[in-house]
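J.: The sequence shown begins at 4 in the working numbering and counts up by one.
One structure coming up, written as structure tokens, with questions to follow.
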Amino acid sequence: MDGANHSVVSEFVFLGLSNSWEIQLVLFVFSSMFYVASMMGNSLIVLTVTSDPHLHSPMYFLLANLSFIDLGVSSVTSPKMIYDVFRKRKVISFGGCIVQIFFIHVIGGVEMVLLIAMAFDRYVAICKPLHYLTIMSPRMCISFLVSAWVVGLIHSVVQLAFVVNLPFCGPNVLDSFYCDLPRFIKLACTDTYWLEFMVTANSGFISAGFFFILIISYIVIMVSVQKHSSAGLSKALSTLSAHITVVVLFFGPWIFFCTWPSPSIHLDKFLGIFDAVLTPFLNPIIYTFRNQEMKVAMRRVCNQLISYRKIS
């Protein structure tokens, strides 16, 4: 029997972040500012890496793709959240909710694989510098990118395959500001206990597995470097600190969502805002703060854009 035929819910209502006008104003200003900043910062990284021949290397290729994905992270939930802040009735269509869930999981899967690829890139650069260009060839970089999108698409399709035909008869209220899978499933008018468990376990195991792979890879890099010299370890730590920070910022909320049995609503929403608004803003800052080559290239691109506008 096709569960979709028994669905009478055509839209979902978000309760949003707060009913307080003052808090809503703060959230609107905060979210708008960081959304614009993250879009500008990540777009500038993509533009800089694409246009500057000095940055046509595996490390910057992966960084540009991570920034491109962060543009997606910012755009999946933030514009709708900002638009809804002062609206009394915050609604999203059934199809819109499915699309939002789909892209959240696609982007999440792609970013996980890209972070693995960036960790591998740093391992080769630090531990096997003489073979770096041979191992991290253009073919290898493209393989990483294709693998990332394949993993992201498969992960998202598998998640949605469990829920797309669930019957929804009401209620249709989501105590959130975006469509997240666990709350979406709970609104189905059927027993969803095992389905909730499978979906949560799927995301939880994938997130935890990728996180531990990354942490182990960073430990292997540091142990390998320490065998040669303590000075090399200090340099490696300086290089890896940005990567480790981004990994913790990305995986922290994901693992919390997937493994915490009944999180506080307020904490849940705070982590949701952090993941949707702050993380895409922090990533370009973290990766460019200590990277002199990237800062010089970005300054050069900005100067070229200013000169072009003056001429126009």
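Glycine included, C-beta positions come from ideal geometry on N, C-alpha and C.
#1: Write down the C-beta distance between residue 188 and residue 221 rounded to the nearest angstrom, noting that I regard them as a contact closer than 8 Å.
#2: Quick one: is residue 30 buried, meaning 16 or more other Cβ sit within 10 Å of its Cβ, or exposed?
#3: What are the boundary residues of the beta strand (DSSP E) that includes residue 94?
#4: By the three-class DSSP mapping on this structure, what secondary structure does residue 32 have?
#5: Tell me whether the beta-carbon of residue 13 lies closer than 8 Å to the beta-carbon of residue 96.
#6: Which complete alpha helix (DSSP H) runs does the stretch 107–144 hold, if anything under 4 residues is left out?
#7: Ignoring anything shorter than 4 residues, give me the alpha helix (DSSP H) runs that lie fully in the stretch 155–187, in order along the chain.
#8: Within its chain, find whatever has a CB closer than 7 Å to the CB of residue 252; leave out the 5 residues flanking it on each side and keep chain order.
#9: Decide if residue 100 is buried, meaning its Cβ has at least 16 other Cβ atoms within 10 Å, or exposed.
#10: Are residue 192 and residue 172 touching if we call contact CB-CB under 8 Å?
#11: So, helix, strand or coil for residue 284, using DSSP?
#12: With distances taken Cα to Cα, identify the nearest neighbour of residue 163 among 102, 200, 42 and 63.
#13: State the beta-bridge partners of residue 15 as determined by DSSP.
#14: Does the beta-carbon of residue 250 have 16 or more other beta-carbons within 10 angstroms, so that it is buried, or is it exposed?
T.: Taking the structure as given:
#1: Rounded, the Cβ-Cβ distance is 35 Å, inconsistent with contact.
#2: Around the C-beta of residue 30, 16 or more other C-beta atoms lie within 10 Å, and the residue is accordingly described as buried.
#3: Its beta strand (DSSP E) spans residues 93–96.
#4: Correct three-state label for residue 32: helix.
#5: Residue 96 is positioned such that its CB atom lies closer than 8 Å to that of residue 13.
#6: The DSSP assignment places 135–138 as complete runs of the alpha helix (DSSP H) inside the stretch 107–144, in order along the chain (cut-off: 4 residues).
#7: Within the stretch 155–187, no complete alpha helix (DSSP H) run reaches 4 residues.
#8: Excluding sequence positions up to five before and after residue 252, its CB lies within less than 7 Å of the CB of 282 and 285, all in the same chain and listed in chain order.
#9: Only buried fits residue 100, as 16 or more other CB atoms lie within 10 angstroms of its CB.
#10: Contact flag set, yes.
#11: Reduced to three states, the DSSP call for residue 284 is helix.
#12: The residue with the shortest Cα to Cα distance from residue 163 is 102.
#13: Answer is 95.
#14: Residue 250 should be labelled buried.
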